[in-house]
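Structure first, then comments.
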Amino acid sequence: MAVSLGGSALVLLAMLGTSTNAAAWEGLTSSNPRWTGTVPYALHEAGSADLGGFEATQAVVREGFEDWTRVTCSGLTTNYQGATAAPLETRNTIAWAESSWPYDPNAIGVTTPRFSTTEVVDAAMLMNGVNFTWTTGAGSGTQVNAYSIITHESGHYLGLGHSSDSNSMMYFAYSGGVSAINGDDENGICTLYPGGGGGATDCTTTGCPAGQSCTDGRCVAGAGG
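In terms of numbering that gives the first Met the number 0, the sequence shown is residues 0 to 224.
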């Protein structure tokens with residue numbers, strides 16, 4: 000199976016455009032590759048320094064991912080796998096770069112899914128903690144709203160490309176405030192994952208990898224599996 004590496008970045012923009020095309024969403028490619036089963040993701044144990052570390056970051060990361068599963072026409076399911084000490088940009092991991100940023104300094108976050116013609120194989124997400132300050136409040140300038148950015152980047156992780164609808168969560172640029180999933184986003188996620196009945200699971204349902212145990216719904220290092 001041939002696998003391609005895609006990269007999608009959200010950039011800071013001073014002014015939003017005005018496009019409101021009802022069918023503005025796009026997939027990663029014209030063949031709309033998607034995950035074929037429950038989508039796994041883990042969070043680097045450091046979290047975001049601006050947000051206060053792992054626990055506070057975990058809450059907003061899970062909200063951003065799980066809001067996609069709450070779209071009623073979607074059958075998307077996710078599996079949060081808890082904390083990981085794996086290096087930044089390990090596959091199926093979300094992490095913040097705090098000391099150096101390897102991409103365009105205007106990129107707030109970069110998600111790199113790997114996919115074949117029809118299937119997303121894995122993905123990695125890296126957030127820019129070097130050039131931007133992260134907050135749970137409304138963003139402005141180089142201070143960015145964590146929920147808005149995480150939800151946008153998790154859309155890429157799940158298989159959505161950028162939208163030309165400036166009111167969409169998946170619009171290519173962020174100009175401040177708090178973004179929300181809109182009808183165009185819902186059309187996209189339901190096309191990729193149709194059927195309804197989606198939802199989020201954690202390790203109390205799925206168990207943990209070898210060498211980890213389930214504590215408060217997340218996998219932590221220790222006996223178990």
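Virtual Cβ for every residue (Gly too), placed ideally from N, Cα, C. The structure presented is a predicted model; accordingly, all values stated were derived computationally and were not measured.
Enumerate in chain order the residues of its own chain whose CB-to-CB distance from residue i is below 6 angstroms, with the five nearest sequence positions on each side excluded.
i	result
residue 134	142
When you compare each of the options to residue i by their alpha carbons, which one comes out closest?
i	options	result
residue 190	158, 91, 56	158
residue 26	82, 195, 184	184
residue 28	196, 181, 177, 160	160
residue 198	62, 58, 57	62
residue 78	147, 86, 144, 37	37
residue 192	76, 83, 213, 98	76
residue 213	82, 58, 59, 30	82
Are the CB atoms of residue i and residue j nearer to each other than 7 angstroms?
i	j	result
residue 149	residue 168	no
residue 74	residue 196	yes
residue 156	residue 106	no
residue 32	residue 91	no
residue 110	residue 126	no
residue 96	residue 140	no
residue 137	residue 108	no
residue 55	residue 80	no
residue 153	residue 178	no
Mind checking if residue i is an interface residue toward chain C, Cβ cutoff 7 angstroms exclusive?
i	result
residue 176	In the displayed structure, chain C is absent; only one protein chain is listed.
Taking 7 angstroms as the limit between beta carbons, can you name the residues of its chain near residue i, skipping five residues before and five after?
i	result
residue 17	With a pLDDT of 33 at residue 17, under the threshold of 50, the modelled position of that residue is not reliable, and the figure given next carries that caveat. Counting only Cβ-Cβ distances below 7 angstroms, and skipping sequence neighbours, we find 165.
Sequence ranges, alpha helix (DSSP H) only - wholly within the region 36 to 88, length at least 4:
53 to 68
Can you confirm whether the region 151 to 171 touches the region 41 to 50 when touching is taken to mean that 3 or more C-beta pairs between the two stretches lie within less than 8 angstroms?
no
Count the C-beta pairs between the region 49 to 66 and the region 110 to 118 that are closer than 8 angstroms, then say yes if the count reaches three, no if not.
Per the Cβ contact rule, the region 49 to 66 is not in contact with the region 110 to 118 (fewer than 3 Cβ pairs under 8 angstroms).
List, from N- to C-terminal side, the alpha helix (DSSP H) runs of 4 residues or more that fit wholly inside the region 125 to 184.
145 to 157
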